Amino acid sequence: MEKNTILIADDAELNREMIKFIFEEQYNILEAEDGEQTISLIQESGEKLCLVFLDLLMPKKSGLDVLDFMNKAGYINSIPVIMITGEATDETDEKAYEYGAMDIIYKPFAPNVVMRRSKNIMELYEKRIDMEQQLEERTRELVESKEKLERSNDFLVNALSSVVEFRSLESGEHIHRVKYFTRLFMKYIMQFYPKYGITKEQASMIVNASALHDIGKIAIPDSILLKPGKLTAEEFEEMKKHTIYGCELLENFKQEENEFYRYCYDICRYHHERYDGNGYPDKLKGDEIPIWAQVVSIVDVYDALVSKRVYKVPYAVEEAACMIKDGECGVFSPEMLDCFELARAELFAVTEGKFSFADTIIG
Amino acid sequence: MTVEEFYTEIGGNYNEIMSRLRTEERVAKFAKMFTKDESYNTLVRTMQEGNIDEAFRAAHTMKGVCQNMSFTTLFQSSYELTEALRAKNMDKANELLTRVTEDYQRVMDGISKYFA
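First to last, the protein sequences are chains G and W.
Read in order, the letters of the first sequence are residues 54 to 416 in the working numbering.
Read in order, the letters of the second sequence are residues 535 to 650 in the working numbering.
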């Protein structure tokens, strides 16, 4: 709506007229003769108003009452107010400015000065409102393009991660579950282990990175990857190298400063490390293993235990939980076991199909 | 009677009003509007009723109008009356009302003469 209306509020018609004649050729003019009328005109025509002249002393409601209303109803930021007063007293002047008036003019009015000052103020507001709108627009665009990028990123990470599963004739569900379980763990880590200082944004990057944990399996020959039955010691040594292969693959596109790259790299390399140093490939111990790799490590083990694989039948959830706690699949940190307990019901619900996570897991 | 003669007669500031309003037609138009301003009548009525708050407001409005019209003499007496009412000094206010009435009458007479 075009803001081209000036509201003049003064109890004396002659005083209103003396401002009106300055502006009436270029602007629509509304007049109010008391405070109540001023407020109702602002409510009716607020969107059209580009300036309000406001007498301090008016019947029913004073100029300050009107300013107070404009503050509370939020008009003060979009409609500039110029106070009109007969005498300059520091007290009322200060109060008017404090209440958000942009300027004060004193009787008698000098039309040229009133015109000049008013135009300056209207221009200032116009520019400010325009800038605010531009900023809003720009922010909206940024948010949109960020969301778009995130969706594309998710899509690419998911597509890439499923390459390995596709080859091993699995459905891709494992990746989805690992992501979902990682998200659960990150939730509890943020809640109960603030010492890690994981932010929401970092957690979401870690969740995405978890999808890539087995990317190195692409370099493992079919004869080993698809072997139905136990691997020989030699084959197992080759299989273990998927952690290294994954990192080699990522290193081709190394981004030193990129946090997401760091998470992907750490998760690929360390998701088979164990808390007591008996994992592979680097035999890291305790806190040497980044927390995000520890998370993916335990959720990967849990999902492997409860899933059907070419070489084994699935374990029941309770049994899998016991095996993890008892260290039958390697030792996990007390914190990871604690998070496992916290997430237990949610983990079981997914595994036992009580919770159709496939719909909600996207992203 | 010219506008300048009118201002001299009622004790107003012709140069000031002309520097602001620029044309005599405009000054005359506002002078005519002044005759319709109700604040003097309201002032007299509310003073009779002893309603100090309303009398103060009326005097204040009248003072502002005179200021805008450069009716210096009437502005001065109505200004003093406004201050007396602000201080709730009724004796002083009643005394000043007589002066305001005289000054007001002179302005009203002058305006009628100008338009005659």
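In this text, a Cβ means the ideal position worked out from N, Cα and C, and glycines have one as well.
Please read all numbers here as calculations on a predicted model, not as lab measurements.
Interface residue (Cβ-Cβ distance to chain G less than 8 Å): THR595(W) is classified as such. Of all residues in the region 156-176 of chain G, only LYS160, PRO161, PHE162, ALA163, PRO164 place a beta-carbon less than 8 Å from a beta-carbon of chain W. A check of alpha carbon separations from ASP643(W) across GLU559(W), LEU555(W), PHE568(W), MET552(W) identifies PHE568(W) as the nearest.
Rounded to the nearest whole angstrom, the C-alpha separation of ASP353(G) and TYR314(G) is 20 Å. Look at LEU117(G): its C-beta is not under 8 Å from any C-beta on chain W. Taken in chain order, the members of the region 599-627 of chain W whose beta-carbon sits within less than 7 Å of a beta-carbon on chain G are VAL599, GLN601, ASN602, SER604. With a cutoff of 8 Å on beta-carbon distance, ASN124(G) and TYR152(G) are scored as near each other.
Within the region 120-143 of chain G, contact with chain W at the beta-carbon level (separation under 9 Å) is assigned to ILE137, THR138, GLY139, GLU140. Here the region 614-628 of chain W makes no contact with the region 120-136 of chain G; the two share fewer than three CB pairs at distances below 8 Å. Around the beta carbon of PRO161(G), 16 or more other beta carbons lie within 10 angstroms, which makes this residue buried.
Using a CB distance below 9 Å, the part of the region 555-568 of chain W facing chain G consists of LEU555, ARG556, ARG560, LYS563, PHE564, MET567, PHE568, ordered along the chain. A contact is defined here as three or more CB-CB pairs under 8 Å, and the region 369-377 of chain G fails this definition with respect to the region 333-342 of chain G.
SER646(W) is outside the set of residues whose beta carbon lies under 8 Å from a beta carbon in chain G. Rounded to whole angstroms, the separation of the alpha carbons of TYR541(W) and PHE605(W) is 8 Å.
Approximately 5 Å separates the beta-carbon atoms of VAL641(W) and ILE544(W); this is inside 8 Å, confirming the contact. Take PRO164(G), set aside five residues on each side of it, and the residues of its chain with a beta-carbon closer than 7 Å to its own are ILE75, in chain order. If you ignore the 5 residues before and after SER360(G), its C-beta comes within less than 7 Å of the C-beta of HIS227, PRO367, all in its own chain and listed in chain order.
Pairing LYS338(G) with GLU304(G), the inter-Cα distance amounts to about 24 Å.
Apart from sequence neighbours up to five positions away, the residues of its chain that approach TYR128(G) with a beta-carbon distance below 7 Å are ILE95, GLY99, ordered along the chain.
Taken in chain order, the whole alpha helix (DSSP H) runs of length 4 or more contained in the region 279-342 of chain G are 286-293, 295-304, 312-323.
Within the same chain, and ignoring the five residues on either side of THR235(G) in sequence, the residues whose Cβ sits closer than 7 Å to its Cβ are ILE259, VAL260, SER263, VAL348, VAL349, VAL352. When rounded, the separation of the alpha-carbon atoms in ILE59(G) and PHE122(G) is 18 Å. Taking one beta carbon from each stretch, the region 102-111 of chain G and the region 79-91 of chain G have 3 or more pairs nearer than 8 Å; the two touch. Chain-order list of chain G residues neighbouring ARG591(W): ASP64, LEU110, MET111, PRO112, by C-beta distance under 9 Å. Judged by beta-carbon spacing, PHE385(G) lies within the 8 Å limit of TYR328(G), meaning their Cβ atoms are closer than that value. In the structure shown, MET136(G) adopts extended strand secondary structure according to DSSP, grouped into three states. Close to LEU67(G), with beta-carbon spacing below 7 Å, are these residues of chain W in chain order: PHE564, MET567, PHE568, ASP571, VAL599, ASN602. With respect to SER131(G), ILE182(G) sits close: the two C-beta atoms are nearer than 8 Å. Proximity to PHE564(W) across LEU83(G), LEU195(G), GLU66(G), ILE82(G) peaks at GLU66(G), based on C-alpha coordinates. In terms of beta-carbon proximity, GLU86(G) stays away from the interface with chain W, with every pair separated by 8 Å or more. Cβ proximity to chain W below 9 Å picks out LEU67, ASN68, GLU70, MET71, PHE74 from the region 67-83 of chain G.
Rounded to the nearest whole angstrom, the C-alpha separation of SER198(G) and LEU188(G) is 15 Å. TYR159(G) sits in a strand when the DSSP states are folded into three classes. Taking 4 residues as the shortest admissible run, the region 61-135 of chain G contains the following complete alpha helix (DSSP H) segments, listed from N- to C-terminal end: 66-76, 88-98, 116-125.
Counting only residues of its own chain and dropping the five nearest sequence neighbours on each side, ILE320(G) has a CB closer than 7 Å to the CB of ALA262, SER263, LEU265, HIS266, TRP345, ALA346, VAL349. Taking the Cα of GLU140(G) as reference, the smallest distance to any Cα among ARG554(W), GLY598(W), MET603(W), LYS570(W) is reached at GLY598(W).
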